[in-house]
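Participant:
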């Protein structure tokens, strides 16, 4: 089928933006020691350069996507790229930890505007069916490739040009994107009433998502009993209830809660959440094993994780073709089943295992994600009315940071609780992978406890994968995957 003019540029712009933002998320971690040294900062203080970005990004995704339905997706996307690029230039020129954190927050705002509209732009450029699934597969592959290459590129830039270039490298890409968006980006037809924006709902969405993500991010470090964490969690939950009540009464709401009457929409939301939990949510603990216990450098760790990310790059573009032969529910169920098997295989790690023990699990995790995630994003778009594609895009992407933070917090609680139960005196050291601080006499015990905790965490992740299989088969229905009225 011939695509509308400039549909190819729309896909290229969205994929390039996905690479830009994903690289920025993964690349900064590699440079933290060098940034801390030059800016005379503590590493734990610099974590807010990462957390500030995440909080701004997570809080604004839903609102950015929904507002784009009213004022135009091209406008929001282009403004977001411009803001992200300008903030990247400022990050590279940062003179203090506080300045870097402030500019990273600005990057997060721009990133939310970009990713909140990304899938809606794809939906506007490509009709439902094979062409859209292929485009979403390319979008997934671009993000997966960037996630895998981020640590490698970051290490190379830091070693050769210095940490400031991890931000300045964004400038030429961002400028090309802005120019291309202004000249060639196709604006989907806007069907929602222009100018009618739910300001109250937008403010509530931003504040409640900020509060929930703050609690999930700060909880593991500050303690779940911390007054700040408890206050943020309670505020987020109360605001969530108020938000739902407000949205149910508005025809121009930020989130059309009536869509949850459609089983496939509810299933897609739950699966998106599980997808993030079973990917980025557990990744920090796999990295901790590779670096802390096995002693691999960040560069060596990045190379080993290519076993996970390269299958995404290869398989994701093929998911669209498989979607022509298999219902989306079965394709996603198969992907989540592979994810569950992958974690069962990873649970075989022992105190004397090399990284090759986890190699089959890494590969299957990448293949499973590549099979499940593209059709999942397609279903999220296909099931909503065309005029709410921006809202669907923003909501789907909201679960990237929210699901990741939930996974990190939940798996972290399981991981550390298991270690604390067996090594109460050295739990913090062992859970942090600091085996260099463990006495020689206790090394064997510490390694046994660490891998036991990791194996337990992987088995819980496998159970989450099986939950994804059940939801795919029970809630995702072919008859729902078309724009339908929800009134």
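Residue numbers (the numbering used here): 17 to 503.
Think of the CB as a built atom: it goes at the ideal place given N, C-alpha and C, for glycine as much as any other residue.
Quick check on residue 213: does DSSP put it in helix, strand or coil?
Facilitator: Locating residue 213 in the chain shown gives position 197, where the first residue counts as 1. Of the three classes helix, strand and coil, the one that applies to residue 213 here is coil, per DSSP.
Participant: Cutting at 6 Å between CB atoms, please list the residues of its own chain near residue 6, excluding the five before and the five after it.
Facilitator: The question about residue 6 has no answer here: the residues shown for the chain are numbered 17 through 503.
Participant: Going by DSSP, what residue range makes up the alpha helix (DSSP H) through residue 142?
Facilitator: Position 126 of the chain shown, counted from the start, is the residue given in the question as residue 142. Careful: residue 142 lies outside any alpha helix (DSSP H) and carries neither H nor E.
Participant: Got a sec? Which residues, its chain only, sit under 6 Å from residue 502 by beta carbon, not counting five neighbours each side?
Facilitator: Translated into the one-based positions of the chain shown, residue 502 becomes position 486. Low confidence applies to residue 502: its pLDDT is 42, below 50, so where it sits in the model is not reliable, and the reading given next is rough at best. Only 274, 275 meet the Cβ criterion.
Participant: Just to confirm my understanding: we take residue 187, look at its own chain, exclude 5 residues before and 5 after, and list those with CB closer than 7 Å. What are they?
Facilitator: For the purposes of this step, residue 187 is taken as residue 171 along the chain shown, with counting starting at 1. Closer than 7 Å at the Cβ level, and outside the excluded window around residue 187, lie 101, 104, 105.
Participant: Could you check where the alpha helix (DSSP H) with residue 430 kicks off and where it finishes?
Facilitator: Counted from its first residue, the chain shown places residue 430 at position 414. It spans 405 to 438 - the alpha helix (DSSP H) in which residue 430 sits, taken as one unbroken run.
Participant: Exposed or buried, which one is residue 247 when buried takes at least 16 other CB atoms within 10 Å?
Facilitator: Position 231 of the chain shown, counted from the first residue, corresponds to residue 247. Per the 10 Å Cβ criterion, exposed.
Participant: Could you check if residue 441 is buried or exposed, using at least 16 other CB atoms within 10 Å of its CB as the buried criterion?
Facilitator: Start at 1 with the first residue of the chain shown, and residue 441 comes out as number 425. Flag for residue 441 reads exposed.
Participant: Work out the CA separation of residue 164 and residue 327 for me, nearest whole Å.
Facilitator: As a working mapping, residue 327 is identified with position 311 in the chain shown. As a working mapping, residue 164 is identified with position 148 in the chain shown. Residue 327 and residue 164: Cα-Cα distance of roughly 10 Å.
Participant: Put residue 307 into one of helix, strand or coil per three-state DSSP.
Facilitator: Numbered from 1 along the chain shown, position 291 holds the residue referred to as residue 307. Residue 307: helix per DSSP, three-state reduction.
Participant: Look up residue 294 in the DSSP assignment and say whether it is helix, strand or coil.
Facilitator: One-based indexing of the chain shown puts residue 294 at position 278. If DSSP states are grouped into helix, strand and coil, residue 294 belongs with coil.
Participant: Give the range of the alpha helix (DSSP H) segment to which residue 270 is assigned.
Facilitator: The residue you call residue 270 lines up with position 254 of the chain shown. Run containing residue 270: none; DSSP gives neither H nor E here.
Participant: Would you identify the three-state DSSP class for residue 442, choosing helix, strand or coil?
Facilitator: The residue you call residue 442 lines up with position 426 of the chain shown. In the structure shown, residue 442 sits in coil (DSSP, three-state: anything other than H, G, I, E or B).
Participant: Whole angstroms are fine: how far does the CA of residue 123 sit from the CA of residue 21?
Facilitator: Position 5 of the chain shown, counted from the start, is the residue given in the question as residue 21. Position 107 of the chain shown, counted from the start, is the residue given in the question as residue 123. Residue placement at residue 21 cannot be trusted, given a pLDDT of 46 that sits under 50; what the coordinates show is reported in the next sentence. The alpha-carbon atoms of residue 21 and residue 123 are separated by roughly 31 Å.
Participant: Going by other Cβ atoms of all chains shown within 10 Å of its Cβ, with 16 needed for buried, is residue 422 buried or exposed?
Facilitator: As a first step, residue 422 must be located in the chain shown, where it is residue number 406. Residue 422 should be labelled buried.
Participant: Could you tell me whether the stretch 364 to 372 touches the stretch 180 to 197, where touching means 3 or more Cβ pairs closer than 8 Å?
Facilitator: No, they do not touch.
Participant: Within the stretch 312 to 392, note down every full alpha helix (DSSP H) run reaching 4 residues or more, in order along the chain.
Facilitator: If we require 4 residues or more, the alpha helix (DSSP H) runs fully inside the stretch 312 to 392 come out as 314 to 320, 322 to 331, 335 to 341, 344 to 362.
Participant: Go ahead and pull the three-state DSSP assignment for residue 90.
Facilitator: The sequence position of residue 90 within the chain shown is 74, counting from 1. Note: residue 90 maps to helix in three-state DSSP.
Participant: Do residue 84 and residue 271 come within 8 Å of each other at the CB atom, strictly closer than that value?
Facilitator: Sequence index remark: in the chain shown, residue 271 carries index 255 (1-based). Sequence index remark: in the chain shown, residue 84 carries index 68 (1-based). Against a cut-off of 8 Å, the Cβ pair of residue 84 and residue 271 comes out as no contact.
Participant: Can you tell which of 417, 306, 27 has its C-alpha closest to the C-alpha of residue 140?
Facilitator: Here the question's residue 140 lines up with position 124 in the chain shown. Residue 140 has its Cα closest to that of 27, out of 417, 306, 27.
Participant: What's the gap between the Cα of residue 64 and the Cα of residue 426?
Facilitator: Counting from 1 along the chain shown, the entry for residue 64 is found at position 48. Counting from 1 along the chain shown, the entry for residue 426 is found at position 410. If you take the alpha carbons of residue 64 and residue 426, they lie about 20 Å apart.
Participant: Are there 16 or more other CB atoms within 10 angstroms of the CB of residue 488, so buried, or fewer, so exposed?
Facilitator: The residue you call residue 488 lines up with position 472 of the chain shown. Its Cβ being crowded by 16 or more others within 10 Å, residue 488 is buried.
Participant: In whole angstroms, what separates the C-alpha of residue 184 from that of residue 29?
Facilitator: As a first step, residue 184 must be located in the chain shown, where it is residue number 168. As a first step, residue 29 must be located in the chain shown, where it is residue number 13. Residue 184 and residue 29: Cα-Cα distance of roughly 19 Å.
Participant: In three-state terms, what does DSSP make of residue 279?
Facilitator: Looking up residue 279 in the chain shown gives position 263. Three-state DSSP puts residue 279 in a helix.
Participant: Since I believe residue 227 is in contact with residue 251 (beta carbons under 8 Å), could you give me their beta-carbon distance rounded to a whole number of angstroms?
Facilitator: On the chain shown, residue 251 is found 235 positions in, with the first residue counted as 1. On the chain shown, residue 227 is found 211 positions in, with the first residue counted as 1. Contact flag correct, Cβ pair sits at about 5 Å.
Participant: Can you tell me whether DSSP reads residue 109 as helix, strand or coil?
Facilitator: As a working mapping, residue 109 is identified with position 93 in the chain shown. Coil at residue 109, not helix or strand.
Participant: Would you kindly report the start and end of the unbroken alpha helix (DSSP H) that includes residue 263?
Facilitator: On the chain shown, residue 263 is found 247 positions in, with the first residue counted as 1. Per DSSP, residue 263 belongs to the alpha helix (DSSP H) from 243 to 263.
Participant: Taking three-plus beta-carbon pairs below 8 Å as touching, is the stretch 460 to 471 in contact with the stretch 304 to 315?
Facilitator: With the cut-off at 8 Å, the stretch 460 to 471 and the stretch 304 to 315 touch.
Participant: Mind listing, in chain order, the continuous alpha helix (DSSP H) runs of no fewer than 4 residues lying wholly within the stretch 117 to 183?
Facilitator: Complete alpha helix (DSSP H) runs here, min 4: 146 to 176.
Participant: Are the CB atoms of residue 37 and residue 125 within a distance shorter than 8 Å?
Facilitator: Counting from 1 along the chain shown, the entry for residue 125 is found at position 109. Counting from 1 along the chain shown, the entry for residue 37 is found at position 21. No, the pair does not count as a contact, with Cβ atoms beyond the cut-off.
Participant: Which term fits residue 368, buried or exposed, when burial requires 16 or more other beta carbons within 10 angstroms of its beta carbon?
Facilitator: On the chain shown, position 352 is the one that residue 368 refers to. Result: exposed.
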